Amino acid sequence: MLGKFNRGCADVIVTSPPYNIGTKYRSYSDTLPRSRYIEWMENVSLALRDVLSDGGSFFLNMGCRPRDQLLPMEIALSIGKHYRLQNTIHWIKSITVEKFDSSGTLISIDTTGHVKPVSSSRYLYDQHEYIFHFTKKGDVKLDKQSIGVPFKDKSNIRRWKGNQRDIRDRGNVWYIPYETIQNSRQRPHPATFPRRLPEFCIRLHGLEKTELVLDPFNGIGNSALACASLQKSFAGIDMDSHYLEYSFNRVLSLLRKDRSVQDTAQ
44 MLGKFNRGCA
54 DVIVTSPPYN
64 IGTKYRSYSD
74 TLPRSRYIEW
84 MENVSLALRD
94 VLSDGGSFFL
104 NMGCRPRDQL
114 LPMEIALSIG
124 KHYRLQNTIH
134 WIKSITVEKF
144 DSSGTLISID
154 TTGHVKPVSS
164 SRYLYDQHEY
174 IFHFTKKGDV
184 KLDKQSIGVP
194 FKDKSNIRRW
204 KGNQRDIRDR
214 GNVWYIPYET
224 IQNSRQRPHP
234 ATFPRRLPEF
244 CIRLHGLEKT
254 ELVLDPFNGI
264 GNSALACASL
274 QKSFAGIDMD
284 SHYLEYSFNR
294 VLSLLRKDRS
304 VQDTAQ
C-alpha cells in the first residue's frame, strides 16, 4: 500500500502500531516472535522513510508488556539505523500529584487519568508510553510554542531571552488522559491513543509546513479526527475494512457537526 504514495509526500507520520503484546484485534495476530516483530517494525519504518518528506517528522507511539520493558528501546534502536531520533517524548496517561505546605506537611493528593491495572506483584502499574520522534537528519525545527504552557513564575517571561509571551516549551513529558467512556461500544478498537496526542504531534512539527499527515496504522481514526479539526489533509491505512469504515464515519460526523456550528453562527 505504501508503494502507491509519492516519494516524500507526507510531512508528518504519526502512528501507534500493534505492540506485540497479544492484544486481540479483529484482523491481526499480535503475537509475532520477538525478533521477527523487531525486524518487521524496522521494515515498516524503511517503507515509511520513502514516503516521509526530507523535512518531515515521524512520531511513533510505542508501549510494551511490563515484563518486556526494553522492547520499545530495541525498536527505537532498529529504526535509528535509518533515521535520527530527534526527541523522546513520554506520554503520561495517569499521574498523582502531592501538594505540601511551606512546612512540608502533605495537604492533598490528587490522582487524574486512567490506568490499566497490573495484577503481578513484581511490576508497577504502567502509566506511560513512549512517543519516539524520528527525522531523517535530526535537524527539523519545531513549533514548540504551539503546544506550550504558561509560565508559573511570570518573572520568567522577561528573564528568558527571546521570549515575549507567557508561554514556554511544554517539554518531553505530555499528560494526555483518555476521554472517559460509559461502555466499550464507544471505543470499538482494543488499542487507541487519544485524539489530542496526534494533534500535539502535528502542531509541534508546525501547521504551516504540514500539508499531508499519514497514519499507517489508522485504527478507528483518531489521527484522522485530529487532522479534520486542524484542517489538514490526511491519509490512513488499515488492514481491517471495518475500522476504516468506522474511521470514515467518525470524520464525516465531525465535519457535519462543525458545518452545523458554522451555519448556526452565521
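For the sequence shown, position 39 matches number 82 in this note's numbering, and the numbering has no gaps at all. All residues carry an ideal CB built from backbone N, CA and C; glycine is no exception. Fair warning: this is a prediction, and the values are worked out from it, not measured in the lab.
### Reference L240, options G98, Y62 and N104, closest by Cα
For the purposes of this step, residue 240 is identified with residue 197 of the sequence shown, where counting begins at 1. Taking the Cα of L240 as reference, the smallest distance to any Cα among G98, Y62 and N104 is reached at N104.
### Query
Can you tell me whether E172 is buried or exposed, with buried defined as 16 or more other CB within 10 angstroms of its CB?
The residue you call residue 172 lines up with position 129 of the sequence shown. By the neighbour-count criterion, in which a residue is buried when 16 or more other Cβ atoms sit within 10 angstroms of its Cβ, E172 is buried.
### Query
Under 7 Å, do L268 and L297 count as touching if we go by C-beta distance?
Within the sequence shown, numbered from 1, the residue matching residue 268 stands at position 225. Within the sequence shown, numbered from 1, the residue matching residue 297 stands at position 254. Contact flag set, yes.
### T58 to Q274 span [Cα, whole Å]
As a position in the sequence shown, residue 58 is number 15, starting the count at 1. As a position in the sequence shown, residue 274 is number 231, starting the count at 1. Cα to Cα, T58 sits roughly 18 Å from Q274.
### Query
Can you give the Cα-Cα distance for K217 and V256, rounded to whole angstroms?
Position 174 of the sequence shown, counted from the start, is the residue given in the question as residue 217. Position 213 of the sequence shown, counted from the start, is the residue given in the question as residue 256. Here residue 217 is Trp; the residue named in the question, Lys, does not match the sequence. In a straight line, the C-alpha of W217 is about 21 Å away from that of V256.
### Task
Please confirm whether N215 and I132 have their CB atoms less than 7 Å apart.
As a working note, residue 215 is residue 172 in the sequence shown. As a working note, residue 132 is residue 89 in the sequence shown. The beta carbons of N215 and I132 sit closer together than 7 Å.
### Boundaries of the alpha helix (DSSP H) in which R246 is found, first to last residue
To locate residue 246, count along the sequence shown from 1; it is residue 203. In this chain, the alpha helix (DSSP H) harbouring R246 covers R239 to H248.
### Query
From what residue to what residue does the alpha helix (DSSP H) around M116 run?
Translated into positions along the sequence shown, residue 116 becomes position 73. In the DSSP assignment, M116 falls within the alpha helix (DSSP H) that extends over L114 to I122.
### Query
Between the segment 123-132 and the segment 174-185, are three or more C-beta pairs nearer than 8 Å?
Yes: at least three Cβ pairs fall under 8 Å.
### Cβ distance (whole Å) where R293 is taken to contact I263 below 8 Å
In the sequence shown, residue 293 corresponds to position 250, counting from 1. In the sequence shown, residue 263 corresponds to position 220, counting from 1. For R293 against I263, the beta-carbon gap comes to about 7 Å, under 8 Å, which counts as contact.
### Message
Less than 7 Å between C-beta atoms, sequence neighbours within five positions excluded: which residues of the same chain meet that for A11?
### Response
This structure gives no information on residue 11, because the portion of the chain shown stretches from 44 to 309.
#### Entry: Between the CA atoms of D283 and S72 - distance to the nearest angstrom
Translated into positions along the sequence shown, residue 72 becomes position 29. Translated into positions along the sequence shown, residue 283 becomes position 240. Using only the alpha carbons, I get a separation of about 12 Å.
### Query
Is V183 helix, strand or coil when you go by DSSP?
Counting from 1 along the sequence shown, the entry for residue 183 is found at position 140. Correct three-state label for V183: coil.
### Message
From the DSSP secondary-structure annotation, give me the bridge partner or partners of A269.
### Response
Taking the sequence shown and counting its residues from 1, one reaches residue 269 at position 226. Partner(s): none; A269 has no beta bridge.
### Message
Output needed for F175: all residues of its chain with C-beta closer than 7 Å, excluding positions within five of it in sequence on either side, in chain order.
### Response
Along the sequence shown, one-based indexing puts residue 175 at 132. Exclusion of the five residues before and after F175 leaves L103, M105, A119, L128 and T131 as the residues of its chain whose Cβ lies within less than 7 Å of its Cβ.
### Task
Just grab the DSSP bridge partners of F177 for me.
For the purposes of this step, residue 177 is identified with residue 134 of the sequence shown, where counting begins at 1. Paired residues: F101 and L128.
### Message
Give me the residue from E141, M84 and M44 with the minimum Cα distance to L114.
### Response
If you number the sequence shown from 1, residue 114 lands on position 71. Closest by alpha carbon: M84.
### Query
So, are the CB atoms of G99 and D54 less than 7 Å apart?
The residue labelled residue 99 in the question sits at position 56 within the sequence shown. The residue labelled residue 54 in the question sits at position 11 within the sequence shown. In contact: G99 and D54 (Cβ atoms closer than 7 Å).
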